[in-house]
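The structure appears below as structure tokens.
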Amino acid sequence: MDMSGEWVSGAGVRELIGWLVHLIEAGGALIIFAGAVWAFARFATTGMRRRSLIGEFNKIRLSLGRFLVLGLEFQLAGDVLRTAVAPSFTEIGQLAAIAAIRTILNFFLTREIAQERAEIERDQKEPLPPAAAAAGA
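With our numbering, the residue at position 3 of the sequence shown is 35, and numbering never jumps.
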């Protein structure tokens, strides 16, 4: 503890928050990267096993969308943490714009995921047409 009675200096807090922001943003980037690699690998292996990817394609997109949403949440968390250290008005404006863009992206991704999920569930619940049911029997 220094003579002024402060436990941690302002510069030390800013440096610590800077490191935390980098860790959180790196985590978000890794989540997005892992999701992209997973989706590509699943797409490639499914494509080799089946001729028709239509049913599986939506499931792959849905899973990739979940990775993207989670990664964007981490990125947004980094932006919020960055505002914990009193930035200038220019930095606040830039962070607000970035946060708004990421939030809008996240909203539309979440909405698309919900639509895809509903479509997949609807397709799974639909009964087979009579001709297909008779052919399968």
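Every residue gets a Cβ at the ideal spot worked out from N, C-alpha and C, and that includes glycine.
The model shown is predicted, which means the values in this text are computed figures rather than measured ones.
Cβ neighbours of ARG149 within its own chain (closer than 7 Å, five residues either side excluded): LEU94. Runs of alpha helix (DSSP H) with 4 or more residues, each lying fully within the region 109 to 160, are found at 121 to 157, listed in chain order. The C-beta distance from PHE99 to ILE145 rounds to 11 Å, too long to fall under 8 Å, and the pair is not in contact. The DSSP-derived three-state label of SER95 is helix. Here the C-alpha atom of ALA109 lies approximately 18 Å from the C-alpha atom of PHE65.
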